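Asker:
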Amino acid sequence: MRFEQYLSKICFKLGSPTRYPRYRTGLRRPNLHFQSPSLLSLSGFHPFRAYSIFKGPGALKGNSLSTVNIPRFLSFSSIPKAFFRSLRLPVAGFSLVAGGIAYVGAQVQRASDYTKDVFDRAFNVVDSAWDKTREVVNDATAINLPEIHMPEWMEKILRLDEESVEKRRQMQLRKGQEKKNQAGESGNESSGSGNDDNPAGVVVGLTGVVASNLTTDEESSYDKLNEDEKQRLAQESKDDRMMIFTKKMIEIRNILHDIQDDNSHITLPSIVVIGSQSSGKSSVLEAIVGHEFLPKGSNMVTRRPIELTLVHSKETTTPYCEFNGFQLGQITDFTKVQQVLTDMNMAIPPHRGVDDDPIRLTICASHIPNLSLIDLPGYIQIHSSDQPVDLDDKIANLCDKYIQEPNIILAVCAADVDLANSTALKASRRVDPLGLRTIGVITKMDLIPPEKAVSILRNEHYPLHYGYIGVISKVPQLSMWSRNQNLTDIVSSRERSYFSAHPEFRDLPVLPMLGIQNLRKNLIHVLEYTMSKNLQYTADSIRSELDDCSYQYKVQYNDRLLTAESYIAENLDVLKAAFKELSQKLDKNEVRALLKESLNEKTLDLLAERYWVDESILDWTKQSKTVDEHWQYKLDSCVSLLTRMGLGRVSTLQVTELLSRKVEEIAKQSPFGEHPGALQYILNATQDILRRRYHNTSEQVENCVKPYKFEVEIDDEEWKISRSEAQALIQKELSMCQNAEEKIRKVLGSKRLSQVLDFLDSQAKSSEPLPVAHSAILLDQGRLMQYLQMREDILKLRLSTLKSKTCKLKESKYLCPEVFLNAVSNKLINTAVLFINIELLSEFYYQFPRELDQRLIHSLTSDQLASFVDENPRLKSQIQLQHKKQALELALLKINSLAMLERQTDSD
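In terms of the numbering used here, the sequence shown opens at residue 204 and continues consecutively.
#1: Tell me the rounded alpha-carbon separation between glutamate 1021 and arginine 847.
#2: Thinking C-alpha only, which one of His668, Thr1009, Thr641 and Gly673 is nearest alanine 656?
#3: Considering only their Cβ atoms, is the gap separating alanine 888 from glutamate 1054 smaller than 9 Å?
#4: In this structure, does DSSP put glycine 532 in helix, strand or coil?
#5: Could you check what DSSP says for valine 592 in three-state terms: helix, strand or coil?
#6: Spatial neighbours of leucine 765 within its chain, please: CB distance less than 7 Å, with the 5 preceding and 5 following residues excluded, ordered by chain position.
#7: Identify every run of the alpha helix (DSSP H) within the segment 758-796, keeping only runs that are complete inside it and at least 4 residues long; order them along the chain.
#8: Are three or more beta carbon pairs between the segment 465-485 and the segment 520-533 nearer than 8 Å?
#9: For isoleucine 571 and histidine 515, which I take to be in contact (beta-carbon distance under 8 Å), what is that distance rounded to the nearest angstrom?
#10: So is lysine 1088 buried or exposed if we call it buried at 16+ other beta carbons inside 10 Å?
#11: As a quick exercise: from Glu877, Leu856 and Glu868, pick the residue whose alpha carbon is nearest that of asparagine 899.
#12: According to DSSP, is cysteine 1112 part of a helix, a strand, or is it coil?
#13: Going by beta-carbon coordinates alone, are threonine 641 and isoleucine 675 separated by less than 9 Å?
#14: Can you tell me where the alpha helix (DSSP H) with leucine 637 in it begins and where it stops?
#15: So, asparagine 1029 versus glutamate 921, is the Cβ gap smaller than 9 Å?
#16: Could you confirm whether any beta carbon from chain B is found closer than 9 Å to the beta carbon of aspartate 919?
#17: Assuming the contact rule is C-beta atoms closer than 8 Å, aspartate 330 and lysine 484 should be a hit. Round their C-beta distance to whole Å, please.
#18: Should aspartate 364 go down as buried or exposed, given a rule of 16 or more other Cβ atoms within 10 Å for buried?
#19: Just how far apart, CA to CA, sit glycine 985 and serine 965?
#20: For valine 808, which option in Val328, Asp559, Glu510 and Leu932 has the closest C-alpha, if you only look at C-alpha atoms?
#21: Once DSSP output is grouped into helix, strand and coil, what is the label at phenylalanine 526?
#22: Go through its chain and collect everything with a Cβ distance to tyrosine 760's Cβ below 8 Å, but skip five positions before and after it.
#23: Could you say which of Asp559, Leu497, Gly532 and Pro580 lies nearest to glutamine 542 if we only look at CA atoms?
#24: What alpha helix (DSSP H) runs, 4 residues minimum, are completely inside the segment 488-512?
#25: Which residues bound the beta strand (DSSP E) around glycine 673?
#26: Could you work out which residue in Leu798, Gln1057, Arg456 and Glu430 is closest to isoleucine 771 when comparing CA atoms only?
#27: Which residue or residues does DSSP assign as beta-bridge partners of cysteine 752?
#28: How is the alpha helix (DSSP H) around valine 476 delimited, first residue to last?
#29: Can you find at least 3 beta carbon pairs, one from the segment 546-557 and one from the segment 584-597, that sit closer than 8 Å?
#30: Should methionine 648 be labelled buried (16 or more other beta-carbon atoms within 10 Å of its own) or exposed?
#31: Please report the distance separating the alpha-carbon of aspartate 790 from that of proline 910.
#32: Over the uninterrupted alpha helix (DSSP H) stretch that includes cysteine 907, give me the two end residues.
#33: Using the beta-carbon count (16 or more within 10 Å), is methionine 939 buried or exposed?
#34: Give a yes or no on whether the C-beta atoms belonging to alanine 623 and threonine 646 are separated by under 9 Å.
#35: Helix, strand or coil for serine 244, going by three-state DSSP, please let me know.
#36: Would the beta-carbon of glutamate 731 fall within 9 Å of that of proline 653?
In C-alpha cells, the structure reads:
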C-alpha cells in the first residue's frame, strides 16, 4: 500500500494534467455517491470524470479518444529525476559515516599527540632526577652510576619524531662522554675503598645494575660515532656556549652603557671598525648584518659613531631594528632605517665635520650573530671647501678615542691600496704596536691578482695577531622588491664563485682567511675570547664602583629608595593637606565677605552717582520730610541697577578667581613650586574644574535672585542690621575722604592751599577770567580739595540723617536710600553665597584632589616623568645615583653567573 501511495505521488507530480482538479478528501459533490479514493484519484485524476469518457450517455465514440488528454502514470523524462531522488538516502548515510570516521581519527591523533608529550615530559623529569641522584651518589660514595635513556622499543611504540629523538640522543651522548671521562678520573682515586662494607653502596650498586640495562643502547650508539662526528658535536656545544656567553656580555654592556658618567671607568670590549673613506667599511658591515641599512652618499655621510648591537634570536621571524633613546619602535623596513641614520648624520652641519655623540642601534634577527660593533667616520686626506680645515685631525682623534683597550680593532683596507699606506693600520699601530687586538680585513679582493692576494693573507709583511681576512663584500644592485633579502648569502655565493675559480686560493692555510662567513666566525671567537679574558677584571671593576656608589648613596640619602612616582605621591599628599586647610578657611563666610565688599563698592558708586552729585541733596536732607517722585525714582533706579547687574556672573567669577589665586599660592609654597611642569598641571586642573562649574553656578544664582528684580521686602530686623552697616559704610567713606584731604594739605602746605582755594573761589565768582597766579598742578590739587570738602559735608550730613529718628523705621526707605540699598545687597549676597557654596565650592573641593591623582599619578608617561625629574636637580641626582646602584647590582649578578659558568666549563 505504501508503494502504491508513493507511485501515485510520483504520477501526480510528473504525469497528471494540470486542468484536472485534485480530489479532496471530505469534499462531497451533489447527486454523487461517495467512494474511497483510488490510485487514479490519488494521482490527481478524477475517477467519475474518467469513467464518463468511456461509458454512459456522454461517452466518446470513434476516433474521439485520440483528441482527449489522457494522463500518463510515468513519463520518460521523470525516470532520471526519480533515480536521483532515490539516491539521496544512501548518499546522506555515506556522508554521515565518513564524517564520523574522520572525527574519530582526529580524536585518536589528538590523544596520541598528548600521550607522546606526556611520555616525553615524564622521561625528561626522570632523566633530570636521575642525573641529580648520580651526582649526589658520586659525591658521597665515589660510585659512578650509569645514565638512562628511553628504550628504542618505547620510541617505536610512541612514534616520536626522528629530530627530537636524534637531538636527545646527541645531548645524552655528549653528557655521557663527559661523565665517562670524569668517572675514569675518579675511579682511580676510589679504587682503594671499594672493599668497604657500606649498605648505601649496596643499594646504589643494585640501582646501577638496573639502570645499566637502559644505557646499553646509548653507549653502543656513541661508540659507533666516528671522530668527525664527535668533533662536530663538541664544536656545536662550544658554539652554543660561546653564543650564550657573548649575548649575556652584550646585555651587561648595554646595562653599563646606560649608567656611564664622568666617574665611571667600566668598559666592555667592542669591535671598532675603522678605515679610509671608500675602503668598503659599510659594505663589510652590511654583509655581516645581511641588509643594507648604513647611510651612503658622495660626500662624507657618516659624521657620528654608530654603535651596533647585533642580537641573535631564533624566535624572531622578521628582522627589526630599534634606535635606543628614540621612540621609533621596532622598524622592519631597513630602507627606513637607512633614511633615519642619514638624517641623524646629516643633522651635523658641514662646518662642524664630526660629532662624538653616538647613535645606538640594535638589530635583532635569527640569521645574525651576537656582536657589538662600532662604525666610525672614515679617514680622509683632503677636506672640501665647506668642511673645517682640521677635519682629518678631528676624525683621527675620534677614532683614537674608540680604539683604546679593551676594544678590538677591525682595520678595513682596500686590496688595491698598498698596506704600507693604509691609514687604518697606521692608527692601529699607534695604540696596538704588536697587533694583538687588530683584525685586518682586505676588501675588493677581485681587483688584484690572486697571487698578490694570497701574499697579503699569509700575514708575513705586516703581521697581525689575528691575521687578515679577504672578502668581496660589494653588494650588487638590488631591485626594490629584493632590498630586504639576506645579503650575506648573496655575498657568500659571489665569494665562493670567485675563490673557487682561482686555484691559488685552494691552499689549505688560506681557506679560513677567505669570505664573509669566516669573518663572522672570527669576530665571534675573538669577541668571546676578549670578553672572557677581561671577565674577572670587569667583575672587579663593577664591584668596586658598586661599593663607591652604595657608600655615596648611604651618606647622601640614607639608603632611602625614591622614584619619580613615589616623589610625586609624597608631594601630592603635602599639597592635599594644604588644600584641606584652604577648604576649611575658604568657606561661606569668606565668600560672603568677598561679595559684601564688592557690593558695598557698587552701592557707594550708585549713591555717589545718583545722590551725592545732586545739588539739591543738602536742602532735601535738611528740610524735606516727605518723599517726592524725584527721589523715589532715584531709589527705584538704584535698586534696579543693583539687582540687574548680573550678580550670578559677577559673584561666580570673583569666587573662581579667588580659588585660582589661593590654589596657585599653596602650590608654589609646596615642593611642586620647584617644578614648573607640575605646577602647570595643577593650575590647569584648577581651571578645568572651575570652567566646568562656572556656567551652571552663575545660572543658578541668576535664577534665584530674579524675584528681587521686581520686589524686595525687608523686615524690621533686616532694616536694623542694614542701618548699622550703612552707618559704618558711610563712616568709612568719610574717613577715606578726610585722609585724602590731609595728604593734600601735607603736600601743599596749609598756607599755599588756602591761597589756591581763595584763587579758585575768586575765579568762580568773577565774571571775567583772572590772571593765572598758580601752576596747573596746584590748581588741580585745589579743585580736588574743593571736591573732597564738598563730599565730606554731604557724608557728614547723610551720616547724621542715618543716626536720626528719620531712618529708624523701614517705611522711610526713600529718605534713607543707603539703608535700603544695603539691605538689598545683603539679600542678594545671602542668596548667591548659598548656591555658590553648593554648586561651586563643594564640587571643587571634592573634584580637585581626584583630578590631581588622575593627572599627576595615573596619566603621566615615562617621558613626562623624566622631564619632571629633570626640573629638580637634587631629585635628578638622587634618582640617577639610585638607578646606577641598581644597574650595577644587576650587572654584577649577571657577570658573577657568567664567571661561575666559565669556571664550570673549564673544570668540565
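For every residue, glycine included, the Cβ atom is placed at its ideal position computed from N, Cα and C. Owing to the predicted nature of the structure, the values given are computational and were not obtained by experimental measurement.
Answerer: If we stick to the structure as given:
#1: 18 Å
#2: Gly673
#3: Cβ atoms of glutamate 1054 and alanine 888: closer than 9 Å.
#4: Secondary structure of glycine 532 (DSSP, three-state): coil.
#5: coil
#6: So the list reads Gln1081, Ile1082 and Gln1085, once near-sequence residues are dropped.
#7: 767-788
#8: With a cut-off of 8 Å, the segment 520-533 and the segment 465-485 do not count as touching, because too few Cβ pairs lie within range.
#9: In this structure, isoleucine 571 and histidine 515 form a Cβ contact; the two beta carbons are roughly 6 Å apart against a cut-off of 8 Å.
#10: buried
#11: Leu856
#12: The question about residue 1112 has no answer, for the chain in this structure spans 204 to 1111.
#13: No, the Cβ-Cβ distance between threonine 641 and isoleucine 675 is not below 9 Å.
#14: For leucine 637, there is no enclosing alpha helix (DSSP H), since its DSSP letter is neither H nor E.
#15: Yes.
#16: No chain B appears in the structure shown, which is made up of a single protein chain.
#17: That pair is no contact at about 49 Å.
#18: Note that aspartate 364 scores 46 on pLDDT, short of 50, meaning its location in the model is unreliable; the coordinates nonetheless yield the value given after this. Its Cβ having fewer than 16 others within 10 Å, aspartate 364 is exposed.
#19: 13 Å
#20: In the sequence on display, residue 808 carries aspartate and not valine. Aspartate 808 has its Cα closest to that of Leu932, out of Val328, Asp559, Glu510 and Leu932.
#21: In this structure, phenylalanine 526 counts as strand in the three-state DSSP scheme.
#22: Gln1081, Leu1084 and Gln1085
#23: The residue with the shortest Cα to Cα distance from glutamine 542 is Leu497.
#24: none
#25: First-last of the beta strand (DSSP E) with glycine 673: 671-673.
#26: Gln1057
#27: Bridge partners of cysteine 752: none, in fact.
#28: Unbroken run through valine 476 is the beta strand (DSSP E), 474-478; no alpha helix (DSSP H).
#29: yes
#30: buried
#31: 26 Å
#32: First-last of the alpha helix (DSSP H) with cysteine 907: 879-907.
#33: exposed
#34: Taking 9 Å as the Cβ cut-off, alanine 623 and threonine 646 do not qualify as a contacting pair.
#35: Only weak support is given to the placement of serine 244: the predicted model assigns it a pLDDT of 40, under 50, and the value that follows is read from those uncertain coordinates. Serine 244: helix per DSSP, three-state reduction.
#36: no
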